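What follows is a set of notes on a single structure, which appears directly below.
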Amino acid sequence: MEFLSYLISGISLGSVYAIIALGYTMVYGIAKMLNFAHGDIIMVGGYISFCSISYLGLPSWVAVLLATLVCTVLGVVIEALAYRPLRSAPSLAVLITAIGVSYFLQNSALLIWKAAPKVYPPVVSGSLKLMGDQLSIPYVSLLTIVACLVIMAGLTVFTSKSKMGKAMRACSEDKGAAQLMGINVNATISVTFAIGSALAAIAGVLLCSSYGTLMPTTGSMPGIKAFTAAVFGGIGSIPGAFLGGLLLGVIESLSKAYISTQLANTIVFAVLIVVLLVKPAGLLGKYVPEKV
Numbered sequence: 000m001e002f003l004s005y006l007i008s009g010i011s012l013g014s015v016y017a018i019i020a021l022g023y024t025m026v027y028g029i030a031k032m033l034n035f036a037h038g039d040i041i042m043v044g045g046y047i048s049f050c051s052i053s054y055l056g057l058p059s060w061v062a063v064l065l066a067t068l069v070c071t072v073l074g075v076v077i078e079a080l081a082y083r084p085l086r087s088a089p090s091l092a093v094l095i096t097a098i099g100v101s102y103f104l105q106n107s108a109l110l111i112w113k114a115a116p117k118v119y120p121p122v123v124s125g126s127l128k129l130m131g132d133q134l135s136i137p138y139v140s141l142l143t144i145v146a147c148l149v150i151m152a153g154l155t156v157f158t159s160k161s162k163m164g165k166a167m168r169a170c171s172e173d174k175g176a177a178q179l180m181g182i183n184v185n186a187t188i189s190v191t192f193a194i195g196s197a198l199a200a201i202a203g204v205l206l207c208s209s210y211g212t213l214m215p216t217t218g219s220m221p222g223i224k225a226f227t228a229a230v231f232g233g234i235g236s237i238p239g240a241f242l243g244g245l246l247l248g249v250i251e252s253l254s255k256a257y258i259s260t261q262l263a264n265t266i267v268f269a270v271l272i273v274v275l276l277v278k279p280a281g282l283l284g285k286y287v288p289e290k291v
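Note that numbering that gives the first Met the number 0 has the sequence shown beginning at 0, numbered continuously upward.
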């Protein structure tokens, strides 16, 4: 029974990682850049929803919508001001800029909300009792898993069926050719950042609701682990981000339960190293040779 409880907890945690990893993998797959400020957008989403619930007294679902809207706009603004001017710059310049944006968001949060942790009110409370009350599943865990599945299905349909989704796939293959075919590459990348930031906001709400606390560094470690999940599954692959997130969450949860809470992160990254040694492109990634 304990194993089942740890497994469900791991799937719930992995669902959060998967939602964050989807944002990473979409931006990388289309813009070919790593947005290391993504984890801090998670934190911003958490604070916006916290203020909406605690200070404005808004319902949880309204707070989630408001956080999603603010983070979507924030993602578009960051892309336009920080990343778009560096579209043809070396990848190292873009990476340094992303780290700079991350520090800017963290320190801005420190100035506005201070360093003290906030007690985050749960989006949903209570738990589901099964097997004669021997198994208790928090409703927030069920909500997280369902949200991840819905987002995964929605993104898959969006990228394969919609006009914008097809434009994203075209930009991912060849931006120059896509532009020659009449696709607005800048607008497509902006939409990608908007979607990724909206997912980060939803993940931030679910993450803070699960942990019950919020601080300016809330998104840092989950952001790194979600990036690890994206690489684990095959960065640039939406199903890969989903699979990588779930596996990473389960591995972390079971490692904490049966091995050591202190070694759990070490085990997670060790598994990643082994997978990349065996399959460098990730579990569902494809090796694409580059002409030089």
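Note that beta-carbon positions come from the ideal geometry of N, C-alpha and C, so glycine has one too. Model, not experiment: these values are computed from the prediction.
Practice problem: Could you tell me whether the Cβ atoms of Val184 and Lys174 are closer together than 7 Å? | Solution: In the sequence shown, residue 184 corresponds to position 185, counting from 1. In the sequence shown, residue 174 corresponds to position 175, counting from 1. Cβ distance < 7 Å, so Val184 and Lys174 count as in contact.
Quiz item: By a C-beta neighbour count over all protein chains shown, 10 Å radius and 16 as the cutoff for buried, is Thr217 buried or exposed?
Solution: Taking the first residue of the sequence shown as position 1, residue 217 is located at position 218. Looking at its Cβ environment, which holds 16 or more other Cβ atoms inside 10 Å, Thr217 is buried.
Quiz item: Count the other CB atoms within 10 Å of the CB of Val291; is the residue buried (16 or more) or exposed (fewer)?
Solution: Taking the sequence shown and counting its residues from 1, one reaches residue 291 at position 292. Low confidence applies here, because Val291 scores a pLDDT of 49, under 50, leaving its location unreliable; read the following figure in that light. Exposed.
Quiz item: Quick one: what's got a C-beta closer than 7 Å to Val75's C-beta in the same chain, skipping five residues either side?
Solution: The count along the sequence shown starts at 1 and reaches residue 75 at position 76. Excluding residues within five positions, the ones whose Cβ falls inside 7 Å are Ser189, Phe192, Ala193.
Quiz prompt | Delimiting residues of the alpha helix (DSSP H) encompassing Ile19 | solution = Here residue 19 corresponds to residue number 20 of the sequence shown, with the count starting at 1. Ile19 -> alpha helix (DSSP H) spans 1-30.
Quiz item: Considering only the beta carbon of each residue, do Leu81 and Thr96 sit closer than 7 Å?
Solution: Working through the sequence shown from its first residue, we reach residue 81 at position 82. Working through the sequence shown from its first residue, we reach residue 96 at position 97. Contrary to the premise, residue 81 reads as Ala rather than Leu in this sequence. Yes, they are a contact pair.
Quiz item: Taking Cβ to Cβ, would you say Gly233 is nearer than 7 Å to Leu283?
Solution: Within the sequence shown, the letter at position 234 stands for residue 233. Within the sequence shown, the letter at position 284 stands for residue 283. Going by C-beta atoms, Gly233 is nearer than 7 Å to Leu283.
Quiz item: Just curious, the alpha helix (DSSP H) that Ile234 is in, first and last residue?
Solution: Working through the sequence shown from its first residue, we reach residue 234 at position 235. Ile234 -> no alpha helix (DSSP H), and no H or E assigned at all.
Practice problem: State the start and end residues of the unbroken alpha helix (DSSP H) segment that holds Ile136. | Solution: The residue you call residue 136 lines up with position 137 of the sequence shown. Not the alpha helix (DSSP H): Ile136 falls in the beta strand (DSSP E), residues 134-137.
Quiz item: DSSP on Val242, reduced to helix/strand/coil?
Solution: The residue labelled residue 242 in the question sits at position 243 within the sequence shown. Note that residue 242 is Leu in the sequence shown here, rather than Val. In the structure shown, Leu242 sits in a helix (DSSP, three-state: H, G or I).
Quiz item: What are the complete alpha helix (DSSP H) segments, minimum 4 residues, inside the segment 163-195?
Solution: 174-179
Self-check item: Extent of the continuous beta strand (DSSP E) run through Ser126
Solution: The sequence position of residue 126 within the sequence shown is 127, counting from 1. Counting along the chain, the beta strand (DSSP E) containing Ser126 begins and ends at 126-129.
Quiz item: Mapping DSSP to helix, strand and coil, what is Thr212?
Solution: Here residue 212 refers to the residue found at position 213 of the sequence shown. In the structure shown, Thr212 sits in a strand (DSSP, three-state: E or B).
Quiz item: So, helix, strand or coil for Lys255, using DSSP?
Solution: By one-based count along the sequence shown, residue 255 stands at place 256. In the structure shown, Lys255 sits in a helix (DSSP, three-state: H, G or I).
Quiz item: What residue range is occupied by the uninterrupted alpha helix (DSSP H) comprising Val63?
Solution: Start at 1 with the first residue of the sequence shown, and residue 63 comes out as number 64. Its alpha helix (DSSP H) spans residues 59-77.
Practice problem: Determine the burial state of Glu78: buried for a count of at least 16 other Cβ atoms within 10 Å of its Cβ, exposed for fewer. | Solution: Within the sequence shown, the letter at position 79 stands for residue 78. It is buried - the Cβ of Glu78 has at least 16 other Cβ atoms within 10 Å.
Quiz prompt | Residue burial classification, Tyr46 (beta-carbon count within 10 angstroms, cutoff 16) | solution = Position 47 of the sequence shown, counting from 1, holds the residue named residue 46. So Tyr46 counts as buried.
Quiz item: If you draw a straight line from the alpha carbon of Ala240 to that of Ala62, how long is it in whole angstroms?
Solution: To locate residue 240, count along the sequence shown from 1; it is residue 241. To locate residue 62, count along the sequence shown from 1; it is residue 63. Roughly 26 Å separates the two Cα atoms.
Quiz item: Do you know whose CA, among Ser236, Asn34, Trp60, lies nearest Ser90's CA?
Solution: As a working mapping, residue 90 is identified with position 91 in the sequence shown. Measuring from the Cα of Ser90, the nearest candidate turns out to be Asn34.
Quiz item: Any idea which residues DSSP pairs Val118 with across the strands?
Solution: On the sequence shown, residue 118 is found 119 positions in, with the first residue counted as 1. Answer by DSSP bridge pairing, in chain order: Thr212.
Exercise. Determine the closest residue to Tyr16 out of Ser107, Ile144, Leu134, with distance taken between C-alpha atoms.
Key: Working through the sequence shown from its first residue, we reach residue 16 at position 17. The shortest Cα separation from Tyr16 among Ser107, Ile144, Leu134 belongs to Ile144.
Self-check item: Contact the segment 259-268 vs the segment 46-56: 3+ CB pairs below 8 Å
Solution: no
Exercise. Using three-state DSSP, classify Arg86 as helix, strand or coil.
Key: Position 87 of the sequence shown, counted from the first residue, corresponds to residue 86. In the structure shown, Arg86 sits in coil (DSSP, three-state: anything other than H, G, I, E or B).
Quiz item: Excluding sequence positions up to five away, which residues of its chain have a Cβ less than 7 Å from the Cβ of Leu154?
Solution: Locating residue 154 in the sequence shown gives position 155, counting from the first residue. Cβ within range, chain order: Leu21, Ile237.
Self-check item: Straight-line Cα distance separating Thr71 from Ile111
Solution: Here residue 111 corresponds to residue number 112 of the sequence shown, with the count starting at 1. Here residue 71 corresponds to residue number 72 of the sequence shown, with the count starting at 1. In a straight line, the C-alpha of Ile111 is about 20 Å away from that of Thr71.
Exercise. State yes or no: is the C-beta of Leu12 within less than 7 Å of the C-beta of Ser252?
Key: Locating residue 12 in the sequence shown gives position 13, counting from the first residue. Locating residue 252 in the sequence shown gives position 253, counting from the first residue. In contact: Leu12 and Ser252 (Cβ atoms closer than 7 Å).
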